[in-house]
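There are 2 protein chains.
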Amino acid sequence: MFKIRTLVTALALVSSISVASAWETLPSTAPAPADNPTTAEKVELGKMLYHDPRLSSTGTVSCASCHNTMLGGDDNRPNSMGVNGQTGGRGAPTVWNSAFNAVQFWDGRAPSLEAQAAGPVTNPIEMGMKSWDDVVDRLKSIHGYHVAFEKAFGGDAITKDNATKAIAAYERTLITPNSPYDKYVSGDKSALTDQQVRGMNKVAELGCTGCHSGPAFNGPGMFQKFPIHSNAFYAAKYHFKNDKGLAEVTKNADDENMWKVPTLRNIAVTAPYFHNGIVKTLEEAVTVMAKVQLDKDLSKEEVADIVAFLNGLTGEFPKQAMPTLPPTPGTTFN
Amino acid sequence: MFKIRTLVTALALVSSISVASAWETLPSTAPAPADNPTTAEKVELGKMLYHDPRLSSTGTVSCASCHNTMLGGDDNRPNSMGVNGQTGGRGAPTVWNSAFNAVQFWDGRAPSLEAQAAGPVTNPIEMGMKSWDDVVDRLKSIHGYHVAFEKAFGGDAITKDNATKAIAAYERTLITPNSPYDKYVSGDKSALTDQQVRGMNKVAELGCTGCHSGPAFNGPGMFQKFPIHSNAFYAAKYHFKNDKGLAEVTKNADDENMWKVPTLRNIAVTAPYFHNGIVKTLEEAVTVMAKVQLDKDLSKEEVADIVAFLNGLTGEFPKQAMPTLPPTPGTTFN
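Line by line, the protein sequences are chains H and W.
Here the first sequence stands for residues 233 to 566, where the numbers follow the numbering used here.
Here the second sequence stands for residues 233 to 566, where the numbers follow the numbering used here.
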C-alpha cells in the first residue's frame, strides 16, 4: 500500500500539469516484465486458462465471461455477473490493450497483469473459488493442463504463480492496432473525417489529454481524482462518489475517489461508462467528463465531434483461434 | 404434440427390437433440411449468434455458455446456469454431433436443430429474453448483424426464423471425427486397446446397442423409457423418475419417463450423466444403465472394459476461429 500511496502522490502532481501531447500510435507488441517474457507456449496456455469456466466454483464463469475477447473485451454491463448471478458495484474494464495500463483494476490496486489475474478467481462474487490451492488442485487433476504447463514452464509447473503468468502473457497479445486514429497519425489523412479531426483537436484544446494521452490515452499519470468538480445534478443522478476508489483499498482519506485513468482505446465499444457503469451512452459520458473533470459545458456539436473522434479509436480486433479446453474424462468438478 | 406421440409409439416398437448392429463411423458432414441448406455465410452468422451473450436478457448467457464449444459441447454441470444464476432440473446435452439427433432436447420435444435453437433464448431461467420480437429488435439495432444476415439470407433478413436457421447451420458443422473407435472400425486395428475391444464386444453382447447404435450411437429408436426396470436402491439415490420426460410436454401417461436416446459420442467428456446430471462418473453411469435398462449386474472388470471403450468414442474437436461479435458503438443494451 505504501508503494501505491507514493506513486499516487507523485503522479497526481504530474497529471495535474497540462501536457502538450504528441499524438502517438499503439505499439504492436506490449512490454513484458523480466520474470515473465512472452512465449508462444505461455500465450497458448494463458488463452486456455482465460477461457476456462472451471476456474470458477460453479464452472460457469471464466475470465472471458466478463472480459469477452469476442466483444470489446468487456461485458457491456454496468456491473459484471459472477457465480450464482452475483453482481458487484463496478464495471469490467476492457482486457484489450490492458497491457498498456501501468496499474490494473479500476482502483489501480494491482501493479501488473499477473497480480490482476490472481484476484477475480477467488473473489466470492466473481469466480468464487475458495482458494488458489483449490484452483491448483483442479488444474492438477486435468491431464491436458500438465502437458500445457510443462510446455510453457518446464517440469512440474502447475502453480498459482505460473497460472497468472500465463494469463498475463496471453493478455499482452490482446492489442487492437490500426484504428482510424492510428492510420491518421501515421499519415493517412483520409482515415479520419473532418468531424473526427475537429473532435481530436477539441480533445486537446479542452485538456482531456492532460490525463488521456500517450499511445493508450491513459497517461501520463496513472491515477486521477474523479469527479474533480462537484456538480449537484450529476451527484444526485450518478452518485459517482459513493465508491471511494483507491481509498477503499488504502483506507487513506487522500485517496478518496482516486481512480486509474482508463484507456480511451475502443471506448466506443465498451459502454456503459465510468467505474459504476451508470452512464449508458458515449455522448453522455463525454458531456459528464467535460463538466466534472474540466468544469466545462460543451455544445451539442462539440460533444458530437468528440464522440466521432472517439469512434476513431476503435482498432482492429485480431482473429483468434478458439482454445480447446482439456477434458476431465469420465468425471466432472460440478 | 400429436405428431410426437405417433412417432413415439412407432419408435418404441422399433427400439424394443434387438438389432444386430453393424459398427458405423461418424459421417464427416451432417444432412441439412431442404429449406435450410448449409452455406458458409449462414455458418459464420450462426457462429456469431451462438456465441453472443446479448441474446440473453442480462447479456451474460450465450448458447455457448451451457453448450461450450471449447469443451465437450456442454458445461459439465448437473444442471445449467442461466440468467441471474438460475438453474433448472436438467443437464445441457452436448452440441457436438447434435446434428445427428433425430429429435432435440432431453425430452425430444423439438423435431430439428432450428426448432431447438428457438427455445432457450426466451426460457425465463435460461437466456431470459421476453420474446423473440425483443431478440429481433436487439439484433436489428446492431449494424454488423444487418451485414451478416444480408450475406447469409439476402435482403432485409433479420428474423427469428433466419436467426434459428443460422444457428442450426453452424451446429451442423460441429462434428467430431476420427475417434479411436472410428479409426478402428475403418481398419486401424491398433486404434483401440484390447480392453477397449473387450468393452466394445460387451456393449453389443449386453444389448446396449439395442438403443445406442448407428453412427452417433443414438438410434435406431429416438425415444426410450428410462428407467425401464424399477430398482429401489437407485430410485432412492438418484430419483430418476421425478422428471417425467416427454410426458411433461405431452401430458400423456404413456410418455412418462420417455427420453430421447442420447448420443454416446464424446460421452467421456460430458459428465455428469443422465437427464438430471446426478451421476458424476462414467463408471457409475455404466453400472446404473446396465441395471435399470437391462437388469444386469456388471462386474468391476466389465464396467472398466465398457468405460475404456466409451473413452474411445471421444473424437477430434476441430479447431475453430473465434467469431468477432459486432459492437453497438456508443451504447449498450444492459
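Quick reminder that beta carbons are idealized off the backbone N, C-alpha and C, glycines included.
Taking residue 261 (chain W) as the reference, which of W:404, W:497 and W:517 has the closest Cα?
W:404
Residue range of the unbroken alpha helix (DSSP H) whose run includes residue 318 (chain H):
That residue, residue 318 (chain H), is in no alpha helix (DSSP H); it is neither H nor E in DSSP.
Could you pull out every unbroken alpha helix (DSSP H) segment of at least 4 residues lying fully inside the segment 371–405 of chain W, listed in chain order?
375–385 and 392–403
Would residue 489 (chain H) and residue 473 (chain H) be called neighbours here (beta carbons separated by less than 8 Å)?
yes
Can you confirm whether the segment 353–361 of chain H touches the segment 331–342 of chain H when touching is taken to mean that 3 or more C-beta pairs between the two stretches lie within less than 8 Å?
no
Limits of the alpha helix (DSSP H) - the one that residue 465 (chain W) falls within
464–470
Return the chain-ordered list of same chain residues with a C-beta closer than 6 Å to the C-beta of residue 277 (chain H), the five sequence neighbours on each side being excluded.
380, 384 and 398
Scan the segment 295–308 of chain H for residues whose Cβ lies nearer than 8 Å to a Cβ of chain W and list them as they occur along the chain.
297, 300, 301, 302, 303, 304, 307 and 308
What separation, rounded to the nearest whole angstrom, lies between the Cα atoms of residue 407 (chain W) and residue 297 (chain H)?
25 Å
Decide yes or no for the touch test of the segment 499–513 of chain H against the segment 310–327 of chain H: beta carbon pairs closer than 8 Å, at least 3 of them.
yes
Quick one, are the C-beta atoms of residue 549 (chain W) and residue 556 (chain H) less than 8 Å apart?
yes
Sort out for me which residues DSSP pairs residue 342 (chain W) with in a bridge.
W:336
Do residue 339 (chain W) and residue 481 (chain W) count as a contact pair if the criterion is CB distance below 8 Å?
yes
In this structure, does DSSP put residue 253 (chain H) in helix, strand or coil?
In this prediction, residue 253 (chain H) has a pLDDT of 48, which is less than 50 and means its spatial position is unreliable; nothing more can be read from the coordinates.
When H:361, H:264 and H:266 are compared against residue 295 (chain H), the one with the closest alpha-carbon
H:361
Does DSSP put residue 428 (chain W) in a helix, in a strand, or in coil?
helix
Taking only beta-carbon atoms, is residue 372 (chain W) less than 8 Å away from chain H?
no
If we cut at 8 Å on Cβ distances, does residue 561 (chain W) have a partner in chain H?
yes
Of the choices H:541, H:553, H:543 and H:267, whose alpha-carbon is the least far from that of residue 393 (chain H)?
H:267
Just to confirm my understanding: we take residue 554 (chain H), look at its own chain, exclude 5 residues before and 5 after, and list those with CB closer than 6 Å. What are they?
none
Buried or exposed: residue 419 (chain H), going by 16 or more other Cβ atoms within 10 Å of its Cβ?
exposed
Spell out the partners DSSP gives residue 520 (chain H) in its beta bridges.
Its beta-bridge partners do not exist; DSSP assigns none.
So, are the CB atoms of residue 291 (chain W) and residue 566 (chain W) less than 8 Å apart?
yes
Taking only runs of the beta strand (DSSP E) that begin and end inside the segment 510–566 of chain W, which ones reach a length of at least 3 residues, in chain order?
none
Would a C-beta distance cut-off of 8 Å place residue 258 (chain H) and residue 447 (chain H) closer than the cut-off?
yes
Against chain H: residues of the segment 496–519 of chain W by CB proximity under 8 Å
500, 501, 503, 504, 512, 513, 514 and 515
Three-way DSSP call (helix, strand, coil) for residue 289 (chain H) in this model
coil
Rounded to the nearest angstrom, what separates residue 483 (chain W) and residue 342 (chain W) at their Cα positions?
16 Å
Is it the case that the Cβ atoms of residue 639 (chain W) and residue 524 (chain W) are separated by a distance below 8 Å?
Any property of residue 639 (chain W) remains undetermined from this structure, which presents chain W solely from 233 to 566.
Note down the Cα distance separating residue 413 (chain W) from residue 284 (chain H), rounded to an integer number of angstroms.
28 Å
Along the chain, where does the alpha helix (DSSP H) containing residue 457 (chain H) start, and where does it finish?
Premise fails: residue 457 (chain H) lies in the beta strand (DSSP E), 455–457, not in any alpha helix (DSSP H).
Please state whether DSSP places residue 491 (chain H) in a helix, a strand or coil.
strand
Grab the span of the alpha helix (DSSP H) containing residue 482 (chain W) for me, first residue to last.
479–482
Quick check: the Cα distance between residue 564 (chain W) and residue 305 (chain W), rounded to an integer number of angstroms?
29 Å
Who are the near neighbours of residue 417 (chain H) in its chain, counting only those whose CB is closer than 6 Å to its CB and skipping five residues on each side?
255 and 257
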